[in-house]
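Here the structure comes first, spelled out in structure tokens, and everything after it is commentary.
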Amino acid sequence: MLVNQGWQEGNARWRSKILTRKLSYHNPIVGWNTQIPKPHNIPFRFRKVWISHKSLKDVVEASWNEPLYDVPIRKVVKKLKRLKQKLKSWSFEVFGNHAQHLKQLEEEMVQILKDQEN
-18 MLVNQGWQEG
-8 NARWRSKILT
2 RKLSYHNPIV
12 GWNTQIPKPH
22 NIPFRFRKVW
32 ISHKSLKDVV
42 EASWNEPLYD
52 VPIRKVVKKL
62 KRLKQKLKSW
72 SFEVFGNHAQ
82 HLKQLEEEMV
92 QILKDQEN
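Listed below in structure tokens is the structure:
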């Protein structure tokens, strides 16, 4: 692998590893960027707290029972995708912004620890 100084400066988070030779006189090199950008399609996470809320079943039933016309296998995929969006919206309405709430709790914890030190 040959690179110049300009490439190294522009790719400071690039790492590589030389692998063992197998089929030729050359060693393969694998490289990767250590700073991976956040994906646009973040995986769906079901939150345990949702189970305790009385309206969860109604949200799921309403979404699943909405009519959808397609071949059966695509129907399932489309219904799951639709349900995912409905659950995200419902969760935000019922429980609020999870990340913001967590940040607020962390700030309160830091303040409690500071108060105990004094």
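For the record, in the sequence shown the residue sitting at position 17 is -2 according to this note's numbering, with numbers rising by one throughout. In this text, a Cβ means the ideal position worked out from N, Cα and C, and glycines have one as well. No experiment lies behind these values; they were computed from the predicted model shown.
Neighbour-count burial assignment, residue i, 16 or more Cβ in a 10 Å radius
i	result
Val40	buried
Lys72	The question names Lys, yet the displayed sequence has Ser at residue 72. Buried, by the Cβ-count rule.
Leu0	exposed
Between the CA atoms of residue j and residue i - distance to the nearest angstrom
i	j	result
Glu87	Ala80	11 angstroms
Trp13	Lys3	21 angstroms
Ala43	Val57	15 angstroms
Leu94	Pro18	34 angstroms
Glu98	Gln85	20 angstroms
Phe25	Gln(-14)	41 angstroms
Ile32	Lys69	14 angstroms
Asp51	His21	27 angstroms
Trp(-5)	Val11	11 angstroms
Given residue i as reference, the closest of the options once Cα atoms are compared
i	options	result
Glu126	Phe76, Leu61, Ser36	The question about residue 126 has no answer, for the chain in this structure spans -18 to 99.
Ile23	Lys65, Phe73, His82	Lys65
Lys(-2)	Val30, Thr15, Gln92	Thr15
Any non-hydrogen atom of the ligand MN within 7 angstroms of residue i CB
i	result
Lys69	Ligands displayed in this structure: none; no statement on the ligand MN is therefore possible.
DSSP-derived helix/strand/coil call for residue i
i	result
Gly77	coil
Val(-16)	coil
Val52	coil
Lys3	coil
Lys19	coil
Arg(-4)	strand
Asn8	coil
Asn14	strand
Ser36	coil
Arg26	coil
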